[in-house]
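Colleague: Chains V and U, in that order, are what the protein sequence lines are. Using this note's numbering, the first residue of the first sequence is number 1, and each one after it goes up by one. Using this note's numbering, the first residue of the second sequence is number 1001, and each one after it goes up by one. In this text, a Cβ means the ideal position worked out from N, Cα and C, and glycines have one as well. Since the structure is predicted, the reported quantities are computational estimates derived from the model, not experimental observations.
Number of protein chains: 2
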Amino acid sequence: MTSTQQVAAETFGRTETAMTLETLETPCLVLDTERMERNIARLRTRLDGLGVSLRPHLKTSKSAEVARRVMTTPEGPATVSTLKEAEQFASAGVRDMIYAVGITPSKLARVLELRARGVDLVVILDNVDQARAVAEASITSGMRIPAMIEIDCDGHRSGVAPANQALLLEIGQTLAAGAELRGVLTHAGDSYKGGGPQAQERFAEAERAAVVEAAQFLHASGLPCPVVSVGSTPTAHHALDLSGVTEVRAGVFVFFDLFMAGVGICQIDDIAMSVMATVIGHQREKGWIITDGGWMSLSRDRGTSKQAVDQGYGLVCDIEGKLYSDIIVADANQEHGILAARPGSGAQLPDLAVGDRVRILPNHACATGAQHDAYHVVRGTSHTVEARWSRFGGW
Amino acid sequence: MTSTQQVAAETFGRTETAMTLETLETPCLVLDTERMERNIARLRTRLDGLGVSLRPHLKTSKSAEVARRVMTTPEGPATVSTLKEAEQFASAGVRDMIYAVGITPSKLARVLELRARGVDLVVILDNVDQARAVAEASITSGMRIPAMIEIDCDGHRSGVAPANQALLLEIGQTLAAGAELRGVLTHAGDSYKGGGPQAQERFAEAERAAVVEAAQFLHASGLPCPVVSVGSTPTAHHALDLSGVTEVRAGVFVFFDLFMAGVGICQIDDIAMSVMATVIGHQREKGWIITDGGWMSLSRDRGTSKQAVDQGYGLVCDIEGKLYSDIIVADANQEHGILAARPGSGAQLPDLAVGDRVRILPNHACATGAQHDAYHVVRGTSHTVEARWSRFGGW
């Protein structure tokens, strides 16, 4: 047991007889599973209607307990962003994963170890150097590594432009020489810009069109392309037609966050994860309440700073998750959060004493979650902590 | 052993015969101890000249190995920002610590546990509610808890204004009734604004004047005030006179970072900590190199975004730590970093192939370090990894 776990275990030891929101050590992560289950059901229903399968991205939760609930079966499918996630979820029984960050030659040994354990781990790539490394590792090991070609649908990050047929063909043929071409995959980075439902429908269609174009070209060239994968939480919630697509990847939909609310993909009261903090003081003449929830617990993510509504370091709720009107974490130091009325709102600070607790909705669930080693699970407005679900970090 | 440690141990298992920068898994944290030792020596020499002691803030490193080198003795003194740090460093032998975040009643049980282990852990506070809770816990436990009054020298965060004598007296008398008034403490948050050496000299003098004024008032009121503590890395490096001050706290000076370089407190080549990442692809027509060093490894800290020189998510060096001219991490996703020339610089991207490695200097050492569970120790331009120093997170 690490010291992190020891402290956590001690925390629970102390609160064994009364595991409630009042007795947890702060700052800590609170997960409302009622909201989480609603978020999962909403996307599943939507994708069922479109006739595609869901391959949830587990980078948001990094938790076997959350993974089990968000996946459609205990064995997957799932998406991961690190080999550490692949190894952890493999140990929890997941057998079908895409490692959706471009592979490097030095990481292939760990990929092969997982495949040797019976895990169908698929890598992704967008250049011939990577394809050659994957083919060579396949030949050397005697294990055909499946790889997908990453497609660039909007100039946002990595990937091959779907019109670059020469490169698609060269990568496909290089892989076919020793590895396995499993398909094509893209991610609509543009969808994070927002722009309303019609813009999201266009982003979703651009995502679909790019990857289907590449898949059709590979098929026409005599190469296999069984999997056609798209994904982002905004486009997953707005795609009207996914013809030619076999699966959708999405991650943050499981918890949602203020950024996604700002993009219009969820309501504030869909946000399932919060950071609980304790009041440590006031600066009344400045209109501030000081808590022990600084950026170390909230993360440095300020993703809403360029949205229409800047939520500071987070939006403040009471201990039950009920929103205070227009109270935000206006600033944060490493272990201090400064609660204040949103500028211009005229809102009144709540009457909170030293020792009182608040819950803060995060800008970005993936970033905030990563600052913690566990979720403390509640349902709705209950104060009872039903479970502690551990989460991991690292690579 | 947790899975984090297992993976780390496996990483080292693989590289046992050749522990070099080329064989570490990426992304990972690299610490150049030559630079670190230079940074420590510089501040020690300065404070020796001013006749005050150094109480380093260990929140930056969260590592027993770094703590041992930055403290003046193995037992301290030291400053911490969480009780987890206090517990971890107590287990490593540290006996003299200030927990420099306002105490809450619910945290006093852990404070008492540490004091019962022989650790002189001091709490801080700025209101009567906290003082009453500390006095009551002292009486109930039969252990006098030492507490310092936090002074607000610049309206930046917490603390009692030094001119608020009524509040100082009430807190001091409340503590004296059962606990121990150990002294006064302040932090010049203003010093992070920069402004050049003369501005920093003024911030340092404001910090000194505020806390000495409060100490003199407490003494004149017949209350004890043996410790008079100031501290921030910028003011520690600029104070011209510290009359009346007994100790200086500073944290980030041990590693430095781009933010501190932007404030003018260090040079770029003083920055001792970097994130090593591997090239996973290119988008040549966009002038981008893509790496596996995204914001999960760099942190979301964009502290230089409001400075004169915006360093993006970090400044890019080669594997030996030699700076590429004007190449920054222009954008980052969770596990992707986008390297590009600084806008307007006309710099050329280095000729890096898939699999090549770079080292990225961080905006904020405290935030970037917190994304990792270990430092990989090198000296200067050597590729040999001399040690793996673990670090912890959590509360």
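Using a beta-carbon distance cut-off of less than 7 Å, what residues from the stretch 1121-1137 of chain U approach chain V?
Modeller: Correct list: Asp1126, Asn1127, Asp1129 and Gln1130.
Colleague: Any idea what DSSP makes of Cys317/V, helix, strand or coil?
Modeller: If DSSP states are grouped into helix, strand and coil, Cys317/V belongs with the strands.
Colleague: Going by C-alpha distance, which of Ser297/V, Ser81/V, Phe255/V and Ile103/V is nearest Val123/V?
Modeller: That would be Ile103/V, whose Cα lies nearest to the Cα of Val123/V.
Colleague: Just to check, is the beta-carbon of Ala1137/U closer than 6 Å to a non-hydrogen atom of the ligand FAD?
Modeller: Looking at this structure, you won't find the ligand FAD or any other ligand, since it has none at all.
Colleague: Report the residue ranges of all beta strand (DSSP E) runs contained in full by the stretch 1238-1277 of chain U; include only those spanning at least 3 residues, in chain order.
Modeller: DSSP runs (the beta strand (DSSP E)) wholly in the stretch 1238-1277 of chain U: 1247-1250.
Colleague: Exposed or buried, Ala1277/U, counting other C-beta atoms within 10 Å across all chains shown (16 or more means buried)?
Modeller: Ala1277/U should be labelled buried.
Colleague: Helix, strand or coil for Val1211/U, going by three-state DSSP, please let me know.
Modeller: Helix, per DSSP.
Colleague: In this structure, how does DSSP classify Trp395/V when only helix, strand and coil are distinguished?
Modeller: In the structure shown, Trp395/V sits in coil (DSSP, three-state: anything other than H, G, I, E or B).
Colleague: Taking the alpha-carbon positions, what's the Arg1359/U to Ile1319/U distance?
Modeller: When rounded, the distance between both Cα atoms is 6 Å.
Colleague: Does the Cβ of Val1309/U have 16 or more other Cβ atoms within 10 Å, making it buried, or fewer, making it exposed?
Modeller: Val1309/U is exposed by the Cβ-count criterion.
Colleague: Enumerate in chain order the residues of its own chain whose CB-to-CB distance from Leu121/V is below 7 Å, with the five nearest sequence positions on each side excluded.
Modeller: Around Leu121/V: Ala86, Met97, Tyr99, Val111, Leu114 and Arg115.
Colleague: For Leu218/V and Leu168/V, which I take to be in contact (beta-carbon distance under 8 Å), what is that distance rounded to the nearest angstrom?
Modeller: Rounded, the Cβ-Cβ distance is 6 Å, consistent with contact.
Colleague: Is the stretch 1195-1204 of chain U touching the stretch 1224-1243 of chain U, taking contact as three or more C-beta pairs under 8 Å?
Modeller: Contact between the stretch 1195-1204 of chain U and the stretch 1224-1243 of chain U is present, because at least three Cβ pairs lie under 8 Å.
Colleague: Would you kindly work out how many angstroms separate the C-alpha atoms of Ser1299/U and Ala1131/U, rounded to a whole number?
Modeller: Going from the Cα of Ser1299/U to the Cα of Ala1131/U covers about 36 Å.
Colleague: Taking 8 Å as the threshold, find out whether the stretch 1383-1391 of chain U comes into contact with the stretch 1342-1359 of chain U through three or more Cβ pairs.
Modeller: No: fewer than three Cβ pairs fall under 8 Å.
Colleague: Would you kindly report the start and end of the unbroken beta strand (DSSP E) that includes Glu180/V?
Modeller: Counting along the chain, the beta strand (DSSP E) containing Glu180/V begins and ends at Glu180 to Thr186.
Colleague: Closest by CA to Val1354/U, which one among Arg208/V, Val134/V, His57/V and Phe256/V?
Modeller: With distances taken between Cα atoms, Val1354/U lies closest to Val134/V.
Colleague: In chain order, what residues of the same chain lie with their CB nearer than 8 Å to the CB of Ala1370/U, ignoring the 5 residues before and after it?
Modeller: Excluding residues within five positions, the ones whose Cβ falls inside 8 Å are Lys1062, Ser1299 and Gly1393.
Colleague: Do Val1275/U and Ile1289/U have their C-beta atoms closer together than 7 Å?
Modeller: Cβ atoms of Val1275/U and Ile1289/U: not closer than 7 Å.
Colleague: Mapping the DSSP letters down to three states, classify Gly1196/U as helix, strand or coil.
Modeller: If DSSP states are grouped into helix, strand and coil, Gly1196/U belongs with coil.
Colleague: From Val30/V to Gly1195/U, what distance separates their C-alpha atoms?
Modeller: Taking the straight line joining both Cα atoms gives about 41 Å.
Colleague: Between which two residues does the beta strand (DSSP E) carrying Thr140/V extend?
Modeller: Segment Val128 to Ser141 is the alpha helix (DSSP H) holding Thr140/V; no beta strand (DSSP E) there.
Colleague: Does the beta carbon of Thr1368/U sit closer than 7 Å to a beta carbon anywhere in chain V?
Modeller: By this cut-off, Thr1368/U is not an interface position.
Colleague: Assuming Arg1097/U is part of the beta strand (DSSP E), what are its boundary residues?
Modeller: Sequence check: residue 1097/U is Met here, not Arg. From DSSP, the beta strand (DSSP E) with Met1097/U extends over Asp1096 to Tyr1099.
Colleague: Just to make sure I have the definition right: I need the residues of chain V whose C-beta is within less than 9 Å of the C-beta of Glu1335/U. Which are they?
Modeller: Result: Lys59, Ser81, Thr82, Ala100, Val101 and Trp395.
Colleague: With a CB to CB cut of under 8 Å and the five nearest residues on each side skipped, what residues in its chain are close to Ser1243/U?
Modeller: Same-chain partners within the cutoff: Arg1208 and Val1212.
Colleague: Which term fits Phe1321/U, buried or exposed, when burial requires 16 or more other beta carbons within 10 angstroms of its beta carbon?
Modeller: Correcting the residue type first, residue 1321/U is Gly in the shown sequence and not Phe. Buried, since its Cβ has 16 or more Cβ neighbours within 10 Å.
Colleague: How far does the beta strand (DSSP E) with Glu65/V in it reach, from first residue to last?
Modeller: Careful: Glu65/V lies outside any beta strand (DSSP E), inside the alpha helix (DSSP H) at Ala64 to Val70.
Colleague: In angstroms with no decimal places, state the Cα-to-Cα distance between Ile1328/U and Ser1297/U.
Modeller: So the two alpha carbons sit approximately 15 Å from each other.
Colleague: Is the beta carbon of Gly1281/U sitting closer than 7 Å to the one on Gly1337/U?
Modeller: No, these two residues do not count as a Cβ contact at 7 Å.
Colleague: Can you list, in chain order, the residues of its chain whose CB lies under 6 Å from that of Ala1179/U, leaving out five sequence neighbours each side?
Modeller: Cβ neighbours of Ala1179/U beyond the five flanking positions: Val1134, Ala1135, Ser1138, Arg1144, Ile1145 and Ala1147.
Colleague: Can you pull the chain V neighbours of Asp1318/U, defined as C-beta to C-beta under 8 Å?
Modeller: Chain V residues near Asp1318/U: none, gap ~17 Å exceeds 8 Å.
Colleague: Return no unless some Cβ of chain V is closer than 7 Å to the Cβ of Ile1280/U.
Modeller: It does: the Cβ of Ile1280/U has a partner Cβ on chain V nearer than 7 Å.
Colleague: With distance defined between alpha-carbon atoms, name the residue in Arg1095/U, Pro1226/U and Ser1091/U nearest to Thr1079/U.
Modeller: Ranking Arg1095/U, Pro1226/U and Ser1091/U by Cα distance to Thr1079/U puts Arg1095/U first.
Colleague: Confirm, please, whether the CB-CB distance from Asp270/V to Ala367/V is below 7 Å.
Modeller: No. Outside cutoff.
Colleague: Do Asn1039/U and Phe1259/U have their C-beta atoms within less than 7 Å of each other?
Modeller: It is not a contact, given that the beta carbons lie outside the stated cut-off.
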